[in-house]
Amino acid sequence: MKIVKELKKILIESVKALEINIKEEEIKIEHPGDVNFGDYSTNVAMVLGKVNKINPKELAESIRSQISDIGSQIVEKVEVAGAGFINFYLKPEFLIKEAESINYEIEFKNKLSKNGNGKTMVIDYSAPNIAKPFGIGHLRSTDIGQAIYNIYKILGWNCIGDNHIGDWGTQYGKLVAAIKKWNKKELNDLTIDDLEKLYVKFHKEAESDEKLIDEGRDWFAKLEKGNKEAKEIWQKCIDISLVEFDRVYEMLGVKIDFIHGESFYQDKLEEVTKKIISKGITKKSEGAVIVEFKNMPPAMLQKSNGTTTYFTRDMATIKYRLENWNPDLIIYEVGNDQELHFRQVFETAKMMGWTPSEGLVHIAHGLIRWTTGKFSTRKGDTIHLSDVIDKAMEKAEEIANKSVVDKKLSATEKEEMIKSVAIGAIKFNDLSSDPRRDVIFDWEKIMSLDGDSGPYLQYTYARGISVLNKTQLKEQKNINKIPKEINAEEMALIKEFYKFEEKIMEASERYSPAVIAEYLLSVARKYNEFYAKNRIIDEKQENFRIFLTKTTTSILHTGLHLLGIKTIEKM
Ligand code: ARG
36 MKIVKELKKI LIESVKALEI NIKEEEIKIE HPGDVNFGDY STNVAMVLGK
86 VNKINPKELA ESIRSQISDI GSQIVEKVEV AGAGFINFYL KPEFLIKEAE
136 SINYEIEFKN KLSKNGNGKT MVIDYSAPNI AKPFGIGHLR STDIGQAIYN
186 IYKILGWNCI GDNHIGDWGT QYGKLVAAIK KWNKKELNDL TIDDLEKLYV
236 KFHKEAESDE KLIDEGRDWF AKLEKGNKEA KEIWQKCIDI SLVEFDRVYE
286 MLGVKIDFIH GESFYQDKLE EVTKKIISKG ITKKSEGAVI VEFKNMPPAM
336 LQKSNGTTTY FTRDMATIKY RLENWNPDLI IYEVGNDQEL HFRQVFETAK
386 MMGWTPSEGL VHIAHGLIRW TTGKFSTRKG DTIHLSDVID KAMEKAEEIA
436 NKSVVDKKLS ATEKEEMIKS VAIGAIKFND LSSDPRRDVI FDWEKIMSLD
486 GDSGPYLQYT YARGISVLNK TQLKEQKNIN KIPKEINAEE MALIKEFYKF
536 EEKIMEASER YSPAVIAEYL LSVARKYNEF YAKNRIIDEK QENFRIFLTK
586 TTTSILHTGL HLLGIKTIEK M
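Here you go:
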């Protein structure tokens, strides 16, 4: 980012010297797709040429010669290309200095942490529903949410993770009804699978017995009124579910600061409903109360039997978060099937004057799809995360078995590796495409050691560590000997390093951990090319090539941890 700032400064100075007006917003600076066109490139001469009726190529030339007159600490040369692009090439010494600052992880993190500037963000993620096993549907929210949390955190924001578990609403009335009707076990002996079966049975039976739906509704009304029996059964369902969720979070290595399930807002719903009604933005409709909008369908604030809705509870939630934490930003990491819901929630908060809607973001993630039809499960329709993890473990074990032969991993190391590879593979798949897009779940690709995968990055990291372990130099500030000649693979690598900070910033601005995932792949590919073509430990080059290796491992380490993926030293 600071490089882009510096380049803009140089450009503005040069353009002004030519007595042409320029505004900073007019300047777009990007990395050209092809490195032969420099490290950064701008089309500003074309933009200004058009406005000022000057031939863009000539203008670009004049700007270029101004820039050479001014000189720069970071730019080695400037070229004009095509119809008037200005391409910048950065000085190798500068690139190496940048790499050096990343190399020392603590220094790098200190530098990054200046960005947040006391700002606070709340992120709503994971949010599974009780009485159901943790499904693949909530995996993306968990993975992406945790990565976004980590990214903002490293940038120095004060971050608050809030798990808005689904534990309130008509469906839990249905569950209570189902337990009352069909359960033969002691409440204490019920498992999460039992609860799911009961819920599924309820819906099957309800197809032919309409009265059931009413019964479910009535039980929820009882719950909202504090009926003792209803509450007891419901509480049991929560306890069973939380044990299951904890097990999953433990496996995924996820820790969420708070759990405020929907039921947490019970005692705040009446007040919030009254406030919204008294603002005059609601209407009675067939006994229910709805909020109307200019260009969206209405949202239901109160059902005709007086019960609250998902919407009511989200309004109470937003109010609570604003009052309690005073955040600058609230992020909701929830599937894109809830897009309308969040537009309604945000718009209502704005109409209530609680917060401007710019501080509210919905990262509407896409679905996970399978390459060949459906994932086969033991238990029927829904895909349980534990089944997916089990299968990933099997595949990771194959990798470990191959590795044990020549690396002699101890039993614990092997176990640790299997777990890290399996979870890393699943997470990376989730994170490596933009959240808003669907992801394809393809076992071949996910577990591949030489493709765009989590294991590939873990493997590259372990490779780097094994190089470092063979040398004494890893702990030194070791860039005292920059070789006179930097070869193509070394240069390609150096030209990746300095982008790290920029990518972390971009990931936060676009709410997309995929920016970091793609970047790490690119660094790893460059490192592996360099590794394949060069002897790293040899007399002359040792210092510099170890430095490149060290910087690569630092980037992979920090980057993978941002994505919530563990690194392994031996693989
Ligand atoms: N439990 C909900 C679901 O599974 C997601 C909750 C998302 N967060 C929120 N504040 N509405 O669909």
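End of the sequence shown sits at 606 in the numbering used here; the numbers just go up one at a time, nothing left out. Just so you know, even glycine gets a beta-carbon here, dropped at the ideal spot from N, CA and C.
For a cut-off of 8 Å, the C-beta gap from I186 to A552 is around 11 Å, too long to register as a contact. In this structure, DSSP gives F346 a helical state, which the three-state scheme calls helix. Counting only residues of its own chain and dropping the five nearest sequence neighbours on each side, G196 has a CB closer than 6 Å to the CB of I158, Y184, I291, D292.
Here S547 has D469, P470 as same chain residues with Cβ atoms under 7 Å from its own Cβ, once five neighbours each way along the sequence are excluded. Taking a contact as a CB-CB distance under 8 Å, the pair K167 and E231 counts as one, their CB atoms being some 5 Å apart.
Relative to ligand 1, the nearest heavy atom lies less than 8 Å away from the CB of V369.
Following the DSSP letters along the chain, one finds S161 in no alpha helix (DSSP H), marked with neither H nor E.
With distances taken between CA atoms, S49 lies nearest to I102 out of G68, G191, I102, G117. In chain order, G459, K462, F463, G489 place their CB closer than 7 Å to the CB of I600, counting only its own chain and leaving out the 5 sequence neighbours on each side. Going by C-alpha positions, A431 is about 6 Å away from V456. Residue burial is scored here from C-beta neighbours: I517 has fewer than 16 other C-beta atoms within 10 angstroms and is therefore classed as exposed. For L230, the secondary structure class from DSSP, reduced to helix, strand or coil, is helix. Of the residues R570, N122, E382, the one whose Cα lies closest to the Cα of L46 is N122. Annotation: E536 to K219 spans about 58 Å, alpha carbon to alpha carbon.
Within the same chain, and ignoring the five residues on either side of G322 in sequence, the residues whose Cβ sits closer than 6 Å to its Cβ are S339.
Exposed is the label assigned to Q108, since fewer than 16 other Cβ atoms lie within 10 Å of its Cβ. Annotation for D349 indicates a beta carbon within 8 Å of some heavy atom of ligand 1.
Here the alpha carbon of L492 sits roughly 23 Å from the alpha carbon of I171. Not one heavy atom of ligand 1 is found less than 8 Å from the C-beta of Y184. Of all C-beta pairs linking the segment 348-358 to the segment 372-391, three or more are shorter than 8 Å, placing the two stretches in contact.
Remark: the shortest separation between the CB of Y554 and any heavy atom of ligand 1 does not fall under 8 Å. Shown here for A118: same chain residues with a beta carbon closer than 8 Å to its own, the five before and five after excluded, namely M81, P91, K92 in chain order. Between T584 and A559, the C-beta spacing is not below 9 Å. Counting of Cβ neighbours within 10 angstroms places G84 among the buried residues, the total reaching 16 or more. Judged by beta-carbon spacing, I227 lies beyond the 9 Å limit of D202, meaning their Cβ atoms are not closer than that value. Beyond the five residues adjoining it in sequence on each side, D465 comes within less than 8 Å, by CB distance, of L174, R175, D178, I179, I403, V474 in the same chain, given in chain order. Segment contact: the segment 235-254 against the segment 198-212, three or more CB-CB distances shorter than 8 Å; contact assigned. Along the length of the segment 299-331, whole beta strand (DSSP E) runs at least 3 residues long occupy 317-320, 323-326, reported in chain order. In the three-state scheme derived from DSSP, where H, G and I count as helix and E and B as strand, F123 is classed as strand.
In this structure, the alpha-carbon of W405 lies about 26 Å from that of I200. Judged by DSSP in its simplified three-state form, I418 adopts coil rather than helix or strand. Bridge pairing for H397: Y367 [DSSP].
Here the segment 557-571 does not lie against the segment 147-162, with fewer than 3 beta-carbon pairs under 8 Å apart. Per DSSP, the continuous alpha helix (DSSP H) segment holding W217 begins and ends at 205-217. For a cut-off of 8 Å, the C-beta gap from S467 to A549 is around 6 Å, short enough to register as a contact.
Shown here, T587 sits in a helix according to DSSP, grouped into three states.
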